[in-house]
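K.L.:
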Amino acid sequence: EQTIYLSDYKEFSHFIDGVELTFQLSPTKTRVKSKIHFRPNPKAPEQAFFLHGEHLKLISAHIDGVKISPTLTETGLTAEVPTGPFIFEAEVEISPETNTALEGLYMSNGMYCTQCEAEGFRKITYYPDRPDVMATFKVRVESALPVLLSNGNPGTSDEGIAEWHDPWPKPAYLFALVAGDLIAHSDSFTTKSGKDVALNIYVRPGDEDKCAFGMGALKRSMTWDEDVYGREYDLDIFNIVAVDDFNMGAMENKGLNIFNSSCVLASPETSTDANFERIEGIIAHEYFHNWTGNRITCRDWFQLCLKEGLTVFRDQQFTSDMRSHAVKRIDDVITLRGRQFREDNGPLAHPVRPESFVEINNFYTATVYDKGAEVIGMLKRLVGDEDYKRALDLYFERHDGDAATIEDWLKVFEDTTGRDLTQFSKWYSQAGTPRLSVAGEFSDGTYILHFKQATPPTPGQPVKDPRVIPIAVGLLNPNGDEVRETCILEMTEAEQSFRFTGLSTKPIPSILRAFSAPVILERQSSTKERAFLLAHDTDPFNKWEAGRALAKETLVAMLTADAPVNSDFLDALAAVLRDENLDPAFQALALALPSQDDIAQTLFDAGVTPDPMAIYTALETLSQSIAQHLQDLLPRIYAANHVDGPFSSEAAPAGKRALQGAVLGLISRLDGGDQARAQYAAADNMTQQLQALACLLRIDRGQTELASFETQWAQDRLVMDKWFGLQSGLAAPQKAAAITETLTKHAAFDWKNPNRFRAALGGLTGNTAGFHAADGAGYKLVTDWLIKLDAANPQTTARMSTAFDSWRRYDASRQGQMIEQLKRIQATPNLSRDTHEMVTRILG
Ligand code: B3K
Ligand code: ZN
């Protein structure tokens, strides 16, 4: 197992002036012919000529027309080459049909497709498969299948032949090819400068009625990127293809985005409101990559956050603009805490820009993506909106066509603003979530906030330096009026104080507004003060945060001190529900309780060993108390948020449905599920159908509805994923492993399909108390399946093995059982490099 280091970076020996590829497609004997124009790179250090290549059958190779016999290894090919420019030609044979790893060229339901990022192109042909080698591609596809696609603009095509030419130099990871019996949903877009672009979403026959929403989202993305970032599209055609077998969400291949069908197909009957929003966000994300990723790519994979952090940041901005800034920010912070904080506080912690890896696919993480986006948000807060815009303009101008680095990225901000970003760059190099503690002091009209920051050690980084932390603060007076508007305090020291003068009364501070930095804020505060902020804070994020803190404090007190449910919290929730000026989507978020995993981490941080079953029970008790306390209010809120008329996936009706769903969950705890059954029967959209079914499963009912749901949706694979996921995800803890095991025996459980596997097994790992059931049945079942899947699909296995990364939090018995399972995976003969790296890091 070889570790790759950032510090070992060196340039490739050659430039490429052009690539021509011909594909003769066949399920087990696809021929790939390549013709690559190499030219020596005078700046590159001395090195042997090496091309990556894995699982390829070399038929022949030529240099300048002369047959050669290169040296072949497991990882590639070396050859003697001329000192000047030369043409390298190869013919290889590959077998897409037997490629179950879903990386390189593979087949899904009779259709050919590719996934090359990060290092899949080397499974297609011999090539310098690294992002800093960019070239223009001409591709010819030969197949009897009706639709033949590749990157760039279409060239001549004929019966069984299609040619594509991509004029923009690109790294191999952005290469794509699709061939299949597909139907196009077509439209067009005129760019700001008047260029017409043909748009297509290609799907399997039968899915054509689920493309309209995605097409609209694409056009909104194109307009938004022109308006907000000044970025126009740069080819004559933009194609999206939906694929059922896909390891992740989607892929930004130049001019030919390939999507997991779950991230593009949408209809009111089959998709929830959350699905619609996610699909819109992912379509935007992949489209935005055309500039942040494709036109400007990464020098090496250590710079992954250069494109991913920035593109996530952009898609978050987009969704905020399309929907609600407040709700989107709260959603993003919930995700960040649930995934990235967990990662940052466990054995898999790594910097936003890692410095070494064994398998790069293991670093497409919440830290690189979501913390990477937070770091950009902080940068924007520090320099201000205008300088952010100027810096981005400079970035596009200076680096268009480059394979760039984080240093390049920070330099455009330094050059634009004159700031020194040396300390700021530690956000890229140091792992771990800073703990920010604060105490307030008031005398003689002056209020002082004393801050301290400290970051706990992470693997390989025992000591941390202070970071630059932008802390957004506003002050309220006891009447609830804002006496100081939001300002950004720029903390740079380990301990630092900030003063506010000229105040007539002691203010109530609202700290870390809009979650201005990805830190854990530790602040002693009274229930009264939290309830005050929940009622009065003008910053919607902190308003929500105050409620969340109350919920957490109540749960922690119930779990550690046998305390009863805090009635101040219940009253505060009632006030939120009664406030008719609030956005229903916000009210729904305020009603939601922290996750079991969040409580487990909170207890662990406080030095308490979490008991998953006790956490589950405390949450049930609290939900029941909330339901009883709000009893009189619930039917009225439920009725008031009923949405009439034809379904719309827009934010306002979706917010009402979200609130209705949250209220239905509480009502179900009081009426044995009557209202949920009624909603299920009346539902004409998936949001309400699934809400009702989930409410019933949570109270251990709903068997009739589960069966009718299965009958109704047996033919729809994406809806059936929901059916699988709901059962393993919401099963009562003691039954969760058994129910999941039964699901894996269901005729429709196609374990090689990542969506289906994730639905059933990922449902269980997300069911915290069920996965961590004391008898270890959850651990064992998941491990059995991970071992089985690894032989077919290393990437998805490695990703799902992170379910075990929290083992250190738990008691000795659970720790022992989890370690035993991790070691069982580690000892599996022929375990993939992906999974081996993950379990080894998790074991620590
Ligand atoms: N860039 C791809 C992710 C590729 C993952 C490779 N294991 C999708 C995205 O972030 O847009
Ligand atoms: Zn991305």
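Here the numbering used here runs 21 ahead of the position in the sequence shown, where the first position is 1.
Note that CB positions come from ideal geometry on N, CA and C, so glycine has one too.
No experiment lies behind these values; they were computed from the predicted model shown.
1) Taking 8 Å as the threshold (C-beta atoms), are T43 and K54 in contact?
2) How would the residue list near ligand 2 read, in chain order, if you kept each one whose beta-carbon is closer than 5 Å to any heavy atom?
3) Hey, how far is the Cα of Y800 from the Cα of P815?
4) Given the structure, does N315 come close to ligand 1, in the sense that its CB is under 7 Å from one of the ligand's heavy atoms?
5) Going by other Cβ atoms of all chains shown within 10 Å of its Cβ, with 16 needed for buried, is T146 buried or exposed?
6) Please name the residue, chosen from R698, L77, S209, G235, that lies closest to G723 on a Cα-to-Cα basis.
7) State the beta-bridge partners of V264 as determined by DSSP.
8) Please identify the residue among E731, S283, H310 whose C-alpha is closest to the C-alpha of R299.
9) Could you check which residue in D695, G676, R690, L27 has the C-alpha nearest to that of D352?
10) Can you tell which of A122, A833, Q361 has the C-alpha that lies nearest to the C-alpha of T386?
11) Under a three-way DSSP split, which group does D39 fall into?
12) Hey, is H83 close to ligand 1, as in C-beta under 7 Å from one of its heavy atoms?
13) Can you give me the C-alpha to C-alpha distance between I492 and G837, rounded to a whole angstrom?
14) In the DSSP output, what is F521 paired with across the bridge?
15) Between the region 193 to 202 and the region 166 to 175, can you find at least three pairs of beta-carbon atoms closer than 8 Å?
16) Could you check if P48 is buried or exposed, using at least 16 other CB atoms within 10 Å of its CB as the buried criterion?
17) Just the Cα atoms here: how many angstroms apart are I279 and G235?
18) Could you tell me whether any non-hydrogen atom of ligand 1 is closer than 7 Å to the CB of A370?
19) Would you mind listing the alpha helix (DSSP H) stretches within the region 325 to 374 that are 4+ residues and don't spill past its ends, in chain order?
20) Does I509 come out as helix, strand or coil in the three-state DSSP assignment?
21) A452 and T426: beta carbons closer than 8 Å?
22) Which same chain residues end up closer than 6 Å to A876 when comparing Cβ atoms and leaving out the 5 residues on each side of it in sequence?
23) Would you say the beta carbon of E273 is closer than 7 Å to some non-hydrogen atom of ligand 1?
24) Alpha carbon to alpha carbon, how far is F873 from D855?
25) From this set, V218, K213, S214, which residue's C-alpha is nearest S207's C-alpha?
26) Ligand 1 heavy atoms versus the CB of H306: any closer than 7 Å?
27) Within 10 Å of its beta-carbon, does S242 have 16 or more other beta-carbons around it, so buried, or fewer, so exposed?
28) Put K50 into one of helix, strand or coil per three-state DSSP.
29) What's the C-alpha gap between I620 and N281?
30) By DSSP, does F770 sit in helix, in strand, or in coil?
31) Any heavy atom of ligand 1 inside 7 Å of the beta-carbon of Q361?
32) How is the alpha helix (DSSP H) around V162 delimited, first residue to last?
33) Measure the Cβ-Cβ separation of F745 and G784 and say whether it is below 8 Å.
34) Ligand 1 and Y409: does any heavy atom of the ligand fall closer than 7 Å to the residue's C-beta?
35) Determine the direct distance from the alpha carbon of L782 to that of V803, and round the result to whole angstroms.
36) Straight-line CA distance for I25 to S377?
P.N.:
This is what the structure holds:
1) In the sequence shown, residue 54 corresponds to position 33, counting from 1. In the sequence shown, residue 43 corresponds to position 22, counting from 1. Yes, the Cβ-Cβ distance between K54 and T43 is below 8 Å.
2) E329, T332
3) Position 779 of the sequence shown, counted from the start, is the residue given in the question as residue 800. Position 794 of the sequence shown, counted from the start, is the residue given in the question as residue 815. C-alpha separation (whole angstroms): 19 Å.
4) Reading the sequence shown from its first residue, position 294 is the one you call residue 315. N315 Cβ: outside cutoff for every heavy atom of ligand 1.
5) Residue numbering aside, residue 146 sits at position 125 when the sequence shown is read from its first letter. Counting Cβ neighbours within 10 Å, T146 comes out buried, since at least 16 surround it.
6) Counting from one through the sequence shown, the residue named residue 723 turns up at place 702. The shortest C-alpha separation from G723 is found at R698.
7) On the sequence shown, position 243 is the one that residue 264 refers to. In DSSP, V264 forms a bridge with N281.
8) Locating residue 299 in the sequence shown gives position 278, counting from the first residue. Nearest of E731, S283, H310 to R299, Cα basis: S283.
9) On the sequence shown, position 331 is the one that residue 352 refers to. Nearest of D695, G676, R690, L27 to D352, Cα basis: G676.
10) The count along the sequence shown starts at 1 and reaches residue 386 at position 365. Selected option, being the one with the closest Cα: Q361.
11) Counting from one through the sequence shown, the residue named residue 39 turns up at place 18. According to the sequence as given, residue 39 is Gly; it is not Asp. In this structure, G39 counts as strand in the three-state DSSP scheme.
12) Taking the sequence shown and counting its residues from 1, one reaches residue 83 at position 62. For ligand 1, not one heavy atom lies less than 7 Å from the Cβ of H83.
13) Here residue 492 refers to the residue found at position 471 when the sequence shown is read from its first residue. Here residue 837 refers to the residue found at position 816 when the sequence shown is read from its first residue. Separation of I492 and G837 (C-alpha to C-alpha, rounded to the nearest whole angstrom) is 41 Å.
14) In the sequence shown, residue 521 corresponds to position 500, counting from 1. The beta-bridge partner set that DSSP reports for F521 consists of Y468.
15) yes
16) Looking up residue 48 in the sequence shown gives position 27. Label assigned to P48: exposed.
17) Your numbering for residue 279 matches position 258 in the sequence shown. Your numbering for residue 235 matches position 214 in the sequence shown. One Cα belongs to I279, the other to G235, and the distance between them is close to 13 Å.
18) Here residue 370 is taken as the residue at index 349 of the sequence shown, counted from 1. Not under cutoff, so the answer is no.
19) 325 to 343, 346 to 356
20) The residue labelled residue 509 in the question sits at position 488 within the sequence shown. The answer is strand: DSSP assigns I509 an E or B state.
21) For the purposes of this step, residue 452 is taken as residue 431 along the sequence shown, with counting starting at 1. For the purposes of this step, residue 426 is taken as residue 405 along the sequence shown, with counting starting at 1. Against a cut-off of 8 Å, the Cβ pair of T426 and A452 comes out as no contact.
22) Because residue 876 is not part of the residues shown, which for the chain are 22 to 865, the question remains open.
23) Translated into the one-based positions of the sequence shown, residue 273 becomes position 252. For ligand 1, at least one heavy atom lies less than 7 Å from the Cβ of E273.
24) Residue 873 lies beyond the range of the chain shown here (22 to 865); nothing can be said about it.
25) The sequence position of residue 207 within the sequence shown is 186, counting from 1. Check the Cα spacing between S207 and each of V218, K213, S214: the tightest is with V218.
26) If you number the sequence shown from 1, residue 306 lands on position 285. Indeed, a heavy atom of ligand 1 lies less than 7 Å from the Cβ.
27) Taking the sequence shown and counting its residues from 1, the one referred to as residue 242 is at position 221. S242 should be labelled buried.
28) By one-based count along the sequence shown, residue 50 stands at place 29. In the structure shown, K50 sits in coil (DSSP, three-state: anything other than H, G, I, E or B).
29) In the sequence shown, counting from the first residue as 1, residue 620 sits at position 599. In the sequence shown, counting from the first residue as 1, residue 281 sits at position 260. Rounded to the nearest angstrom, the gap between the Cα atoms of I620 and N281 is 32 Å.
30) For the purposes of this step, residue 770 is taken as residue 749 along the sequence shown, with counting starting at 1. The answer is coil: DSSP assigns F770 none of H, G, I, E or B.
31) Reading the sequence shown from its first residue, position 340 is the one you call residue 361. No.
32) By one-based count along the sequence shown, residue 162 stands at place 141. Run containing V162: none in the alpha helix (DSSP H); it sits in the beta strand (DSSP E), 156 to 163.
33) By 1-based counting over the sequence shown, the position of residue 745 is 724. By 1-based counting over the sequence shown, the position of residue 784 is 763. A contact, by the Cβ cut-off of 8 Å.
34) Along the sequence shown, read from residue 1 onward, the residue named residue 409 stands at position 388. A distance criterion of 7 Å places the beta-carbon of Y409 beyond contact range of ligand 1, judged by its closest non-hydrogen atom.
35) Translated into the one-based positions of the sequence shown, residue 803 becomes position 782. Translated into the one-based positions of the sequence shown, residue 782 becomes position 761. Their Cα atoms are separated by approximately 7 Å.
36) As a working note, residue 25 is residue 4 in the sequence shown. As a working note, residue 377 is residue 356 in the sequence shown. One C-alpha to the other measures close to 5 Å.
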